[in-house]
Ligand SMILES: [Zn+2]
């Protein structure tokens, strides 16, 4: 699996350009990963990488890494957003990581042939909002989860 990840990292570097790790962002991102693990233990091995993303894009889920998700964060865009939206670094990073893992979860559902809502972007946003605001998974996500992992 590490080999596969090295390949992904090379791909990300080619596609976007990796940038040095921002320690403050990484710390918050790790907190987000811990929260996710509490709810969705299948995501025990989330890899956070930092790269230069297009304007306005704070994060990206690396497609086809849902079994072992890679989340790309853009430190420059995150800092810009924190400043412009006047939100905390914690909010910006946690909601971004949650959102990107929402995409990974959506893909897992599709892979398990579980019916998902049509709009993936809305799903990821709702997934993130629910964890951030209420500290738990939305009803919808919990239902889907029960279909992926039967009791
Ligand atoms: Zn998204």
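Residue numbers (the working numbering): -9 to 141.
Backbone N, C-alpha and C define an ideal beta-carbon position, used for all residues, glycine too.
Can you tell which of 119, 44, 61 and 127 has the C-alpha that lies nearest to the C-alpha of residue 20? Your numbering for residue 20 matches position 30 in the chain shown. Per the Cα distances, 61.
Quick one: residues in its chain with C-beta nearer than 8 Å to the C-beta of residue 44, no 5 flanking neighbours on either side, listed in chain order? Walking along the chain shown from the start, residue 44 turns up at place 54. So the list is empty, once near-sequence residues are dropped.
Please go through the same chain and pick out, in chain order, the residues whose beta-carbon is closer than 6 Å to the beta-carbon of residue 56, but skip the five residues on each side of it. On the chain shown, position 66 is the one that residue 56 refers to. Here the set comprises 94, 97 and 98.
So, is residue 41 buried or exposed, given that buried needs 16 or more other C-beta atoms within 10 angstroms? For the purposes of this step, residue 41 is taken as the residue at position 51 of the chain shown. It is buried - the Cβ of residue 41 has at least 16 other Cβ atoms within 10 Å.
Under a criterion of Cβ closer than 6 Å to any non-hydrogen atom of ligand 1, which residues qualify, in chain order? Taken from the N-terminal end onward, the list reads 89, 93, 111 and 114.
Quick one, are the C-beta atoms of residue 104 and residue 63 less than 7 Å apart? Within the chain shown, numbered from 1, the residue matching residue 104 stands at position 114. Within the chain shown, numbered from 1, the residue matching residue 63 stands at position 73. No.
Can you round the beta-carbon distance between residue 138 and residue 91 to whole angstroms, since I take them to be within the 8 Å contact cut? For the purposes of this step, residue 138 is taken as residue 148 along the chain shown, with counting starting at 1. For the purposes of this step, residue 91 is taken as residue 101 along the chain shown, with counting starting at 1. About 14 Å separates the two Cβ atoms, so there is no contact after all.
Measuring straight from C-alpha to C-alpha, what distance separates residue 65 and residue 48? The sequence position of residue 65 within the chain shown is 75, counting from 1. The sequence position of residue 48 within the chain shown is 58, counting from 1. So the alpha carbons of these two residues sit roughly 8 Å apart.
Given that a residue counts as buried once 16 or more other Cβ atoms are within 10 Å of its Cβ, and exposed if not, what is residue 120? Here residue 120 refers to the residue found at position 130 of the chain shown. Buried is the call here.
Rounded to the nearest angstrom, how far is the Cβ of residue 18 from that of residue 79, given a contact under 8 Å? Taking the first residue of the chain shown as position 1, residue 18 is located at position 28. Taking the first residue of the chain shown as position 1, residue 79 is located at position 89. At roughly 6 Å, the Cβ-Cβ gap stays under 8 Å, so residue 18 and residue 79 are in contact.
So what does DSSP say about residue 51, is it helix, strand or coil? Locating residue 51 in the chain shown gives position 61, where the first residue counts as 1. Of the three classes helix, strand and coil, the one that applies to residue 51 here is strand, per DSSP.
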